[in-house]
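Here's the structure, in structure tokens; my notes come after.
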């Protein structure tokens, strides 16, 4: 346990990831209400929307309305997602309220790249070269390489650490060609294939090759192992995690209808706090936001904590 971090950065992606997959339509005002409620919980990073093709992701046809409608709170980084220059240009219209940073987004699975982005790995590398150049031309820093399907793929099967290392190397080569310095790499369990041992092997392989890169984890709970996988990451000293309040979301291109979304933010926060790792989050307030999210989408979300509550009330009762 000596490698446990003292603090972690939790990046909330519930609004963006959740509303991209809900059948909806979810009113823009309710999306904004969830973003503003999350802003009151102590979270410092919130991804609010996707600037993507509304034909492919109709849940974010109102991205501009949401991005322009919420009230930013000082000290919080509000972010958005995009996959091409058109999406970046849309995001740049909100540069006064969004933290606009670029990334080189790749997949360790060529098959998933084709399903998710409609281009194979080689084509995607060329797209990332063009996108990185466009980012730099627009004054947008590029500091991150993201690897989707880093632990397995519903279309291609098992993904080895060597494949992940090669994908990161490809991303770093794109960055080097453009003259940008990458500080972060994100490993995403997009389709829920990860287990603690896969996390250990994947993180170790990347860290051994590039010890100075900060590794983050994006863990879907498709098979109920996200908390176990987060625990494995914490034991390795990982300090950055993506999550979604209530477990909102899921990947619409994973080929698994109804699959769970990202690790629940409140369950990740509980895990960290009970291990003595500070998150800066008001857990009881976050649980209430998760219940708000359930009311907005109109169905029960995966989080067990929304029903069980935190341990705080029980501790107060036991101490009385």
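Residue numbers (the UniProt record's numbering): 1 to 320. Note that the Cβ used here is the ideal one computed from N, Cα and C, for glycine as well. For clarity, every value in this text was computed on a predicted model and none was experimentally measured.
Can you say whether residue i is buried or exposed, counting buried as having 16 or more other CB atoms within 10 angstroms of its CB?
i           : result
residue 93  : exposed
residue 177 : exposed
residue 6   : exposed
residue 144 : buried
residue 59  : buried
residue 1   : Below a pLDDT of 50, predicted positions are generally treated as unreliable, and residue 1, at 46, falls in that range; no measurement from the model is reported.
residue 10  : buried
residue 248 : buried
residue 161 : buried
residue 159 : buried
residue 23  : exposed
residue 115 : buried
residue 313 : exposed
Using only the alpha-carbon positions, how far apart do residue i and residue j sit?
i           : j           : result
residue 199 : residue 232 : 7 angstroms
residue 317 : residue 203 : 41 angstroms
residue 75  : residue 300 : 31 angstroms
residue 326 : residue 273 : Only positions 1 to 320 of the chain appear in this structure, which leaves residue 326 out of reach.
residue 47  : residue 63  : 12 angstroms
residue 267 : residue 67  : 27 angstroms
residue 255 : residue 277 : Confidence is the limiting factor: at residue 255 the pLDDT is only 47, short of 50, which leaves the residue's position unreliable, though a coordinate-based value still follows. Each residue's Cα considered, the two are about 35 angstroms apart.
residue 157 : residue 311 : 39 angstroms
residue 82  : residue 104 : 11 angstroms
residue 136 : residue 194 : 34 angstroms
residue 315 : residue 309 : 12 angstroms
residue 201 : residue 264 : 23 angstroms
residue 226 : residue 261 : 10 angstroms
residue 18  : residue 151 : 22 angstroms
residue 50  : residue 77  : 15 angstroms
residue 54  : residue 319 : 53 angstroms
residue 182 : residue 288 : 37 angstroms
residue 286 : residue 12  : 11 angstroms
residue 27  : residue 132 : 33 angstroms
residue 280 : residue 73  : 15 angstroms
residue 246 : residue 228 : 17 angstroms
residue 65  : residue 34  : 14 angstroms
residue 209 : residue 165 : 8 angstroms
residue 154 : residue 56  : 20 angstroms
residue 220 : residue 302 : 12 angstroms
Sort out for me which residues DSSP pairs residue i with in a bridge.
i           : result
residue 148 : 107
residue 185 : 145 and 215
residue 244 : 264
residue 7   : 278
residue 85  : BP columns for residue 85 are empty, so no partner.
residue 231 : BP columns for residue 231 are empty, so no partner.
residue 220 : 262
Can you give the beta carbon distance from residue i to residue j, rounded, assuming they're within the 8 angstroms contact cut?
i           : j           : result
residue 14  : residue 293 : 7 angstroms
residue 243 : residue 216 : With a Cβ gap of about 11 angstroms, residue 243 and residue 216 do not count as contacting.
residue 107 : residue 148 : 4 angstroms
residue 71  : residue 36  : 6 angstroms
residue 167 : residue 112 : Going by Cβ atoms, the distance from residue 167 to residue 112 rounds to 11 angstroms, so no, they are not a contact pair.
residue 52  : residue 102 : Residue 52 to residue 102, Cβ: 15 angstroms. No contact.
Say whether chain C places a C-beta atom closer than 8 angstroms to the C-beta of residue i.
i           : result
residue 105 : The chain inventory of the structure shown lacks chain C, comprising one protein chain alone.
(request) List in chain order: all unbroken alpha helix (DSSP H) runs of 4+ residues lying wholly within the region 17 to 80. (result) Within the region 17 to 80, the alpha helix (DSSP H) runs of at least 4 residues that lie entirely inside it are, in chain order, 28 to 38 and 63 to 69.
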